[in-house]
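One point on numbering: in this note's numbering, the residue at position 133 of the sequence shown is 626, and numbering is uninterrupted.
Beta carbons: idealized from backbone N, C-alpha and C, even for Gly.
Below: one structure, written as structure tokens.
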Amino acid sequence: MLCHEVGQYIALKQVVQRDFISIERNHGRVGGAVRLSYVFDIETLIIKVPSSPHEKAHVNLSSCLTRKVTMIVTFTTPPAELESFLFRVERRRKTFIRRGCKSNSVSINDLLKPGGWPLLVIEALESMHRLQADAAWWIASSSGQMNLVLLINVTRNSRKIEVEKHVPMQAMGLPTRLRPGTEYKPRKVATIKISQGVNFPTVRGMALRLEVEKVIGRALNPPLEQGIIFTSAELLEWARYVFV
Numbered sequence: 494m495l496c497h498e499v500g501q502y503i504a505l506k507q508v509v510q511r512d513f514i515s516i517e518r519n520h521g522r523v524g525g526a527v528r529l530s531y532v533f534d535i536e537t538l539i540i541k542v543p544s545s546p547h548e549k550a551h552v553n554l555s556s557c558l559t560r561k562v563t564m565i566v567t568f569t570t571p572p573a574e575l576e577s578f579l580f581r582v583e584r585r586r587k588t589f590i591r592r593g594c595k596s597n598s599v600s601i602n603d604l605l606k607p608g609g610w611p612l613l614v615i616e617a618l619e620s621m622h623r624l625q626a627d628a629a630w631w632i633a634s635s636s637g638q639m640n641l642v643l644l645i646n647v648t649r650n651s652r653k654i655e656v657e658k659h660v661p662m663q664a665m666g667l668p669t670r671l672r673p674g675t676e677y678k679p680r681k682v683a684t685i686k687i688s689q690g691v692n693f694p695t696v697r698g699m700a701l702r703l704e705v706e707k708v709i710g711r712a713l714n715p716p717l718e719q720g721i722i723f724t725s726a727e728l729l730e731w732a733r734y735v736f737v
């Protein structure tokens with residue numbers, strides 16, 4: 494049993510891929526709160542039950558994001574394409590690890606890019622340092638193919654939430670024999686701090702803005718389509734529910 498800050502997880506070694514696929518197919522029998530991650534390179538299955546606030550944080554934000562995307566594309570997308578898109582979005586939450594190890598509370602829309610890296614990842618944890626390390630892993634391992642990483646730092650005792658938005662950027666330096674290709678690292682472009690532990694809940698920072706093309710993988714179609722925006726009021730309501 495391995496412990497880290499707010500939760501515990503079990504790492505099971507020598508789990509072959511076919512066994513993981515069988516376990517994943519029967520995941521519903523153990524309830525949605527149990528999170529499964531699989532590391533193909535070392536045949537390791539990671540089982541974790543996130544705390545309630547962290548589970549609420551990423552699940553509800555990703556659900557709100559789905560509704561906003563649905564409202565955007567409904568008026569500009571052909572019915573057949575929309576039906577396919579909504580089907581993929583509805584099934585988006587899946588912890589699917591090709592390399593490395595990620596076992597936090599996480600939402601991944603990897604089914605929008607079948608067989609490739611996800612466009613967007615949302616992670617929630619009580620350690621911002623670990624979250625930032627995860628963001629670096631996602632962006633570096635995908636060679637910049639990922640568009641967005643949203644980090645949600647939930648501090649239960651003080652009832653505070655910090656949200657960071659990271660995008661890929663090329664790392665400076667010339668290629669070497671050990672690093673022949675272009676390297677990527679995360680660049681923080683937005684920080685929002687929400688406090689629910691005071692008499693008057695507050696939000697510090699601008700509204701959370703997500704570019705449509707980074708979320709669904711195609712360009713915005715103005716003027717019918719607008720950007721994805723979470724206002725301060727929406728963020729306060731989201732944070733309030735996290736600590737209920």
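Check	Outcome
C-alpha gap between Arg-518 and Ile-540, whole angstroms	15 Å
Through-space distance from Val-660 to Ala-628, alpha-carbon basis	9 Å
Spatially closest choice to Arg-702 from Ile-654, Asn-553, Thr-684 and Leu-717, by CA coordinates	Thr-684
Alpha-carbon spacing of Gly-720 relative to Lys-506, whole angstroms	44 Å
Under 8 Å between C-beta atoms of Leu-538 and Val-508	yes
Ranges of the beta strand (DSSP E) found wholly within the stretch 638–722, counting only runs of at least 3	641–648, 653–663, 677–688, 695–697 and 701–703
Distance between Asn-692 and Arg-711 (C-alpha atoms, nearest Å)	42 Å
Own chain partners of Glu-676 with C-beta closer than 6 Å, once the 5 adjacent residues on each side are dropped	Ala-664
Endpoints, beta strand (DSSP E) assigned at Val-614	613–618
Ser-530 - partner residues in DSSP beta bridges	Ile-539
Enclosing alpha helix (DSSP H) for Ser-515 [first to last residue]	510–518
Cα-Cα separation between Ala-626 and Pro-679, rounded to whole angstroms	10 Å
Unbroken alpha helix (DSSP H) run spanning Ser-544, endpoints	From DSSP, Ser-544 is part of no alpha helix (DSSP H); its letter is neither H nor E.
For Trp-731, the first and last residue of its enclosing alpha helix (DSSP H)	725–735
Assigned exposure category for Tyr-734 - 16 Cβ within 10 Å defines buried	exposed
Residue range of the alpha helix (DSSP H) that includes Ser-634	621–634
Supposed close pair Glu-657, Lys-681 - CB separation, criterion 8 Å	6 Å
For Lys-506, the residue or residues it bridges with in DSSP	Thr-537
Where Pro-716 falls, given that 16 or more other Cβ within 10 Å makes a residue buried	exposed
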